[in-house]
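Input: a single structure, listed below in structure tokens.
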Amino acid sequence: MKKKLVILAVLSMFMTSCKDFLEPDSLSTFDTNYIYSNVDDARKGVNAIYESFGQDAFRSRLSNNMTGNTDIEHQSGWSSTADRYQIWDLTAVATNSDLRIMWNAAYTAIRNCNVAIEGIEASSALNSTDIATSKKMYNMLGEAYTIRAYWYSMLTFYFGDVPNVRQAPKAGNDFFLPKEDRNVILGQVIKDLIDIEGKMSWADQTSYGIEQINREYTLGMIARLALQRGGYYLTPALAMERKSDYLDYYKIAKEYSEKLITLKDRPLPTDYRQVFLNESKFVTPTNSDILFEVPFANGNGDVGWNIGITVDGGTTAAHSYGSGSNYMAIPPTYYFSFDTLDIRRDVTCALYKINTSGQAIFVNNSMNIAQGKWSRWFLDKAPGASTAKGTGINWPMLRYSDVLLMLAEAENEINGPTSIAQEALKRVRQRAFDSKYWPEKVTSYITNISGSKQAFFNAIVNERAWEFGGEMIRKYELIRWNLYAKKTQETVNATKEMADAALTGTGKYAELPDYMYWKRDASGNFKVLNPSRKYVGIPDASWTRVSFLASLKPTATTYQDWITKDWDKYYNGPVPGIARYIFPIPAEAITNSQGKLLNDGYQF
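Going left to right, the sequence shown walks through residues -19 to -1, 1 to 585 as mature numbering (1 follows the signal peptide of the UniProt record, and there is no 0) numbers them.
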């Protein structure tokens, strides 16, 4: 177990209230100069820029709760008017507190990044004759630029055009800024990272490895941000557009994903499950799949509490692992989209939960398929019967397989499905299947989808779904591809067809399981008899039958409410066929902006 970067014990001067993000407390030049005059104190100052990751704004909201609904993850927002339900239902108003805390956390982090950037760039230690000192200072500078870029990426995804704060708070600065074009902001932060990445350190050269911003993560972020900038976005007139220079950014995405692969290639670990199990075991390997993960300390972090395999616990439970639920379910359409031989399906989609007796039992129904990559049940040490939050399980921010697929996508967009694009996709698919299936599932598959640029793009869309299910990045991909409304409507239509097939026994989904059968074997392991196909006949009495697709349509003429309502506003909103994914700027920020900000456009 590696030591974790401290993201909560930061200098008190950085922890001032941010009720008005545009007018934070001014820092004295003396304090800033002192803090960034040496590596040790600078490290304490830079730790402050990680602090927002440890707040609810990120750990339970932005990382997972606010990223549905998509074609591979979803939650029912229409059933309540509470804050997170408004976000799931695309009906959030300016007084939504989840939006407020996310906005404030973002600008708090940006403020702290600006302080660190100005402090480090003014420090003589940055270009010290001591090579080790200079190297550490430059990596800390890269950390600040990269985290600032991350938060601006999120702000522009959620709010569109936002204030562009690029200076530390000090006397004479204009704290009340108007909105800046999101594309200008993204262009700036991409350039920031391009300028700094070459002076940063690889994860295996840093003190905290993948629990600290490192060069490989920054290179990957350049590619990710470039695809965001080169992708589609929603305008205030509720139209999806992208700029005419979009190919310039696909070229950047290709260049920097390829640069990482050239300079710091690594094989993908062969055990897909272990990539995520490591996080529950507090194992943080460098030069592996995960490039950076948020380092939650013990007692912090909500992975295994509101995302992951459900564990029913409490003080009366027979186990001491506490309680954890799963806010974002996996729809059956996604589960059945996998090739039945794809190893990733049963890692990503959990058909079981843990009951208060500490036994695995079948999930309640097909709507409650859990994200199986994490669970408090996987912890080596039970955290206590009354625990819930604060598992300490890290959250993955970027994986190497993502870089490979970004290269494949960018290369295909620029030059079509060349050998470069095919090889990158091949590396990801090879891990997904046992090697004996590679001739069919990898080689032939890639040959068949490489006949056209569109066919290869469609395969990338699917591959990213299968590779990153439950990691809550699908929303951002569907936006930049202009597929958000289309994919959610396809999900609803396919779910209805599955429901019809389960009821009538006809149609293209007729072979899928209307019922599933499960048991625990002699060793107590959870087993499903027919996870992929309808079982014909009656198995022996050791198996328990549960309704699966049969539960989707309770009568011949009605579907479960979640099928017709969960995604409705994503394709049937103010403008049919357009997902109005942009949310209003929080009312508090509007009030405190002295008239510079308004919630205009988007039919707010």
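Even glycine gets a Cβ: it sits at the ideal position worked out from N, Cα and C. Here the structure is a predicted model, which is why all the values come from computation and not from measurement.
Checking the DSSP bridge columns, you'll see arginine 501 partnered with Phe507. The residue among Val96, Asp246, Ser269 with its C-alpha nearest the C-alpha of glutamine 255 is Ser269. For serine 425, no alpha helix (DSSP H) run applies, since DSSP gives it neither H nor E. Beta-bridge partners assigned by DSSP to tryptophan 376: Val275. Only exposed fits isoleucine 519, as fewer than 16 other CB atoms lie within 10 angstroms of its CB.
Secondary-structure assignment with DSSP links serine 528 through a beta bridge to Tyr496. Here aspartate 64 is buried. Its C-beta has 16 or more other C-beta atoms within 10 Å. Selection Gly211, Ala369, Thr291 evaluated against asparagine 281 yields Ala369 as nearest (Cα-Cα). Inter-residue distance for threonine 485 and serine 528 is about 15 angstroms (C-alpha atoms, whole angstroms). Closest in C-alpha terms to tyrosine 133, from the list Asp521, Ile171, Ala152, comes Ile171.
Here alanine 389 is buried, its C-beta having at least 16 other C-beta atoms within 10 Å.
In the structure shown, the three-state DSSP call for tyrosine 516 is coil. A straight line joining the alpha-carbon of glycine 201 with that of serine 238 spans about 6 angstroms.
Collapsing the DSSP output to three states places leucine 200 in a helix. If you look at lysine 25, you'll find it in the alpha helix (DSSP H) that goes 20 to 28. Taking 8 angstroms as the cut-off, the Cβ atoms of leucine 386 and glutamate 444 count as close. The straight-line gap separating the alpha-carbon atoms of glycine 451 and leucine 71 is approximately 20 angstroms.
When rounded, the separation of the alpha-carbon atoms in lysine 117 and leucine 510 is 54 angstroms. Sorting Ser382, Met121, Ile395, Asp162 by C-alpha distance to the C-alpha of valine 409 places Ser382 at the top. An exposed status is given to glutamine 584, since fewer than 16 other beta-carbon atoms sit within 10 Å of its beta-carbon. When the Cα atoms are used, lysine 362 and tyrosine 189 turn out to be separated by approximately 23 angstroms. In its chain, beyond the 5 residues on either side, Gly141, Leu215, Tyr583 have a beta carbon closer than 6 angstroms to the beta carbon of isoleucine 563. Annotation for proline 364: Gly303 place their beta carbon closer than 6 angstroms to its own, counting only its chain and skipping 5 residues before and after.
The region 452 to 482 contains, as complete alpha helix (DSSP H) runs of 4+ residues, the segments 455 to 462 (chain order).
Contact annotation: the region 547 to 564 touches the region 468 to 484, with at least three C-beta pairs closer than 8 angstroms. Between the region 192 to 207 and the region 239 to 247, the count of C-beta pairs closer than 8 angstroms reaches three or more; the two stretches touch. Under the criterion of beta carbons closer than 8 angstroms, valine 27 and alanine 125 qualify as touching, at roughly 6 angstroms. In the structure shown, glutamate 54 falls within a coil segment according to DSSP collapsed to helix, strand and coil.
Judged by DSSP secondary structure, isoleucine 342 falls within the beta strand (DSSP E) whose first and last residues are 341 to 343.
For isoleucine 441, the CB contacts under 8 angstroms within the same chain, skipping 5 residues up- and downstream, are Leu386, Ala389, Glu390, Asn393, Leu406 in chain order. Under the DSSP assignment, lysine 235 falls in the alpha helix (DSSP H) whose first and last residues are 227 to 244. Residue burial annotation: glutamate 421 is exposed, with fewer than 16 other C-beta atoms found within 10 angstroms of its C-beta. The Cβ atoms of arginine 81 and proline 377 do not sit closer than 8 angstroms to each other. Annotation: the continuous alpha helix (DSSP H) that includes tyrosine 315 extends over 313 to 316. Per DSSP, the beta-bridge partners of lysine 160 are Pro144.
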